[in-house]
Ligand SMILES: Cc1cc2nc3c(=O)[nH]c(=O)nc-3n(C[C@H](O)[C@H](O)[C@H](O)COP(=O)(O)OP(=O)(O)OC[C@H]3O[C@@H](n4cnc5c(N)ncnc54)[C@H](O)[C@@H]3O)c2cc1C
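Protein chains in written order, with the numbering used here: chain A, 1 to 355; chain B, 356 to 744.
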C-alpha cells in the first residue's frame, strides 16, 4: 500500500453484503444492486500537492466514502501545521476549531503582568474543556487544535490519549468523538502562536474540505442513479425512457455539477490568500450544503425502495450528504456570512472576483 | 463502476485571460458614462426588452459588438471569453442590448461559419458596426419543441427561392433588418433532412409582420408572415438540406451564455439597494447568501462552457445543463426577492423603483424557461448525453 494512503483498521461502515441476487427474482432488474464499493482507499497526495490536486483527491474520497479522516488530513490539518511552522506527523490527522476551550499558561511568570496566568515563561499550556464531535478522533495520530490563549490565537497538537474519548458518530456512522480535556499540559514545542487570519483560514479550509466531500458524494449519487435507471425495467422499458424520470434525473445531474463547479472555483482563491478565498469558499459551502437535500431526494426517489435499504450502496452517499451539509457550518450560517458584506455596489464585484 | 458516464459532466475550468481584467474595467467605465446619459437603467431582462440602437452603436465604436468576429470582417478578433466578460457586465448592469443581441450572439457567428464569402463581407462588418440587426425565424404555430416539424416551405425559382409560411414569436421582426429563417426545401422521410436556412430581408415584398403583445402589453415579438417572399439564391445560408445541423450546431452558443442566469440579476441589486437602507435580519442575510452562492456556482459552469467554446470544443449537453439551472434560478430569484422584502409588485410605480422592477421581472418570468428551447426538452438532452457515455 502506498505510504500516503490512509487506512483504518476499524472501518466505520459495516461490511454489508451487497450481493442481493436472492433479493429479487429478476437479476437483470437489480444489475446495479451489486457490490459497487470499489476500494475505499484513495492515495493521499503528498503534503506539497497543489490545492487543486488536494481538492480532486478529497472529491474522490467523498465519492468512494473513504472511512478515514482523509479530507481532514489533506486539506485542513497538514496545511495548517505547515503554515504554523510545526512538523507534520505521519498518519491520519484531524482538527478541532475550539474557541471555547480554557487555555492558560502552565508556567506563570514570577512577576506576572495583569491577571494571574496572563504571561508565562514559555508557551507550555494548560488546556481544559471539551472538543466536541471531532471527526475520526479515535483513529487519528494527532489532533490539530485552534484556540484562543490569553495572549491571542494559538495552534497546538495533542494526541487522543491525552483526552478522555467519548465515542460518537454522524448519520453515516462516521466517527465524531468528544474529547474531554482535564487540564492537559501541552509542551511548548507543540504550541505555536498564530495570526488571527490563520484561525479564519482554518474555518475556510474545513468548510471547503466538507464541500469537496459533498461534491464527491453527489457524483456518486449521479453514477448510482444513472446506472439504476438504465438497468431497471418497468412497464417494459428502462426507467430512463420515461419523461418524468428524465426530468428528475437531469435536475440531479445539474445539482451535482453545480456543487462540483463551485468547489473547483475555490482552489485558486485559496492559494491567493484568505481575503480572496472568503467569497469563493463561503459560496462553495453554501451551495454544497444547500444542494445536498435535492441530490439525496432525487437519488432516493429514482432508486425506489431498494435505495433505502442497507443492501444498496446509495445510503453510503446520502447519509453522508445529510451529515456533511451540517458539519463545518451549514448553508444558513455560511450564506449569512456571505451576504453580510454585500451591498448593491459590491455584489457584482464580488461575483466577478473569480476566476 | 459507471465512471465513464460522467464525461459529459466534465466542465473545463475557466481561467479568464489577463486581458479580461482591463477589459472589464473599461466596460464599467463605459457603463458609468452611459448611466450618466440615462441610457443604462438597471432593468431586468434587458436583452429582450432594452431596445436602443444608439446605445448599440456607441458600444460598437468601442469594438464590443461582434467582438469575437475576425478583424478582416470588421470584428475585434477577440475570443469568446473576452466577449463573455463584456456581455456579463452589460447584463448585470441592465444595459439596453436587445437591438444587437441576436446579430451578435447568433447571426454573426453563424454567417461566419456557414456563410459565403460574399455574405460574410456584406453582413459581418455591418453587424460589428451595430448597424444591422437580425431576428430568428425558427418557431411556428405547430413547431415549438418539435422544431423539425416546421412547415414554412421554400420552392426553387429561376433566380432563387420563394418562401411561404408563418413564423411565430419572432422577436424584434418589427424593428430588425433581416431574419434567419428555417424552411423546408424538400419533403423527406426523416424530418430532420430537407431543411435549409435563409437570410430574409424583413423589408422585402411579401413580408408581413403582425404584432403579438406580451401579457405586460409590450410589443417584443410577432407573427411573421412570408407570403411568397422572393429570396435571391445568394441568400441561402450554408448548404441546402443542412439546416437542421446548422441550427443545432449553434445551440451551445445560444444556451450557455450569461443571459441564461442574469436576466433578473438587476432585481437582486435593486433589492440590496433597498436593504442597504436598513439592517438586514438574519433570515434576509441567509436568503441573499443562498441566492448569491447559486449565482456564483452557475456562473462557474457557464464560464466552463465558454472556455470550451473558446478552445473550439462544443459542449451541447453542458450548455443545456447551464440553461436549465440558470433559467430556473432567474425565476426563483424573483420569488425569493419577493419573500426577502415583501413588496407588492406595481407596474405603475415610479420607473426604476423596486416595486416597478419587480413587476417587470415577474411579468417576464414565465418566458425565461421557454425561450431558446424549453427546460423539459433540455433535460431530455442532458440525460441522453449522460447515458450515451
Ligand atoms: C420570450 C420568448 C422569445 C422567443 N423568441 C423567439 C424568436 O425570436 N424566434 C423563434 O423562432 N422563437 C422564439 N420563441 C419561441 C420558443 O423557442 C418556443 O416557445 C419554444 O421552443 C417552445 O415551443 P412552444 O411554445 O410551441 O411550446 P410547446 O412545444 O407546445 O410545449 C408546451 C409545453 O410542453 C412541453 N413539452 C413539449 N414536448 C415535450 C416532450 N417531448 N417532453 C416533455 N415536455 C414536452 C414543453 O416543454 C412545454 O412546457 C420565443 C419564446 C419566448 C417565450
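Ideal Cβ positions, reconstructed from N, Cα and C, are used throughout, including at glycine.
Below-9 Å beta-carbon distance, residue i vs any chain B residue
i: residue 30 of chain A; result: Any answer about residue 30 of chain A is weak, because its pLDDT of 36 lies below 50 and its placement is not dependable; what the coordinates show is given next. No - not a single Cβ of chain B is within 9 Å of the one on residue 30 of chain A.
i: residue 100 of chain A; result: no
i: residue 316 of chain A; result: no
i: residue 41 of chain A; result: no
i: residue 190 of chain A; result: no
i: residue 253 of chain A; result: yes
i: residue 203 of chain A; result: no
i: residue 310 of chain A; result: no
i: residue 235 of chain A; result: no
i: residue 305 of chain A; result: no
i: residue 283 of chain A; result: yes
i: residue 327 of chain A; result: no
i: residue 21 of chain A; result: Low confidence applies to residue 21 of chain A: its pLDDT is 37, below 50, so where it sits in the model is not reliable, and the reading given next is rough at best. Chain B, which has no Cβ nearer than 9 Å to the Cβ of residue 21 of chain A, makes this no.
i: residue 33 of chain A; result: Confidence is the limiting factor: at residue 33 of chain A the pLDDT is only 38, short of 50, which leaves the residue's position unreliable, though a coordinate-based value still follows. Answer no: the Cβ-Cβ gap between residue 33 of chain A and chain B never drops below 9 Å.
i: residue 331 of chain A; result: yes
i: residue 277 of chain A; result: no
i: residue 347 of chain A; result: yes
i: residue 58 of chain A; result: no
i: residue 259 of chain A; result: yes
i: residue 222 of chain A; result: yes
Boundaries of the beta strand (DSSP E) in which residue i is found, first to last residue
i: residue 669 of chain B; result: Here residue 669 of chain B belongs to no beta strand (DSSP E), and DSSP marks it neither H nor E.
i: residue 95 of chain A; result: 93-97
i: residue 181 of chain A; result: 176-186
i: residue 487 of chain B; result: Run containing residue 487 of chain B: none; DSSP gives neither H nor E here.
i: residue 102 of chain A; result: 102-105
i: residue 509 of chain B; result: 508-512
Any C-beta of chain A under 9 Å from that of residue i
i: residue 620 of chain B; result: yes
i: residue 609 of chain B; result: no
i: residue 495 of chain B; result: no
i: residue 499 of chain B; result: no
i: residue 384 of chain B; result: no
i: residue 729 of chain B; result: no
i: residue 360 of chain B; result: Low confidence applies to residue 360 of chain B: its pLDDT is 31, below 50, so where it sits in the model is not reliable, and the reading given next is rough at best. It does: the Cβ of residue 360 of chain B has a partner Cβ on chain A nearer than 9 Å.
i: residue 689 of chain B; result: no
i: residue 388 of chain B; result: no
i: residue 735 of chain B; result: yes
Range of the contiguous alpha helix (DSSP H) that encloses residue i
i: residue 80 of chain A; result: 78-84
i: residue 287 of chain A; result: 274-303
Assumed close pair residue i, residue j - CB separation to whole angstroms, cut-off 8 Å
i: residue 217 of chain A; j: residue 321 of chain A; result: 5 Å
i: residue 354 of chain A; j: residue 265 of chain A; result: 5 Å
i: residue 520 of chain B; j: residue 511 of chain B; result: Not confirmed; about 16 Å, so no contact.
i: residue 611 of chain B; j: residue 668 of chain B; result: Not a contact, Cβ separation roughly 12 Å.
i: residue 464 of chain B; j: residue 514 of chain B; result: So it is not a contact: roughly 28 Å between Cβ atoms.
i: residue 146 of chain A; j: residue 98 of chain A; result: 7 Å
i: residue 749 of chain B; j: residue 559 of chain B; result: Absent from the model: residue 749 of chain B. The displayed extent of chain B is 356 to 744, so no value can be given.
i: residue 683 of chain B; j: residue 713 of chain B; result: About 19 Å; that fails the 8 Å criterion.
i: residue 72 of chain A; j: residue 94 of chain A; result: 5 Å
i: residue 430 of chain B; j: residue 484 of chain B; result: Not quite, the Cβ-Cβ distance comes to about 10 Å (not below 8 Å), so this is no contact.
i: residue 550 of chain B; j: residue 492 of chain B; result: Rounded, the Cβ-Cβ distance is 12 Å, inconsistent with contact.
Distance cut-off 8 Å: residue i Cβ against heavy atoms of ligand 1
i: residue 576 of chain B; result: yes
i: residue 657 of chain B; result: no
i: residue 732 of chain B; result: yes
i: residue 491 of chain B; result: yes
i: residue 501 of chain B; result: yes
i: residue 522 of chain B; result: yes
i: residue 643 of chain B; result: no
i: residue 403 of chain B; result: yes
i: residue 601 of chain B; result: no
i: residue 725 of chain B; result: yes
i: residue 243 of chain A; result: yes
i: residue 745 of chain B; result: No information on residue 745 of chain B is available, as it lies outside the stretch 356 to 744 that chain B covers here.
i: residue 240 of chain A; result: no
i: residue 457 of chain B; result: yes
i: residue 735 of chain B; result: yes
i: residue 152 of chain A; result: no
Closer than 8 Å: residue i CB and nearest ligand 2 heavy atom
i: residue 546 of chain B; result: With respect to ligand 2, the structure offers nothing, as its ligand set consists of ligand 1.
My parser needs the alpha helix (DSSP H) runs of 4 or more residues fully inside the stretch 609-670 of chain B; what are they?
When DSSP assignments are scanned along the stretch 609-670 of chain B, the uninterrupted stretches of alpha helix (DSSP H) that are 4 or more residues long and fall wholly within it turn out to be 620-631, 637-665.
Curious, which full-length beta strand (DSSP E) runs of at least 3 residues does the stretch 136-171 of chain A contain?
Uninterrupted beta strand (DSSP E) stretches at least 3 residues long and entirely within the stretch 136-171 of chain A occur at 142-149, 152-158, 164-166, given in chain order.
Note down, one range per segment and in chain order, each beta strand (DSSP E) of at least 3 residues found wholly within the stretch 533-616 of chain B.
With a minimum length of 3 residues, the continuous beta strand (DSSP E) runs that stay inside the stretch 533-616 of chain B are 533-539, 550-556, 562-568, 574-587.
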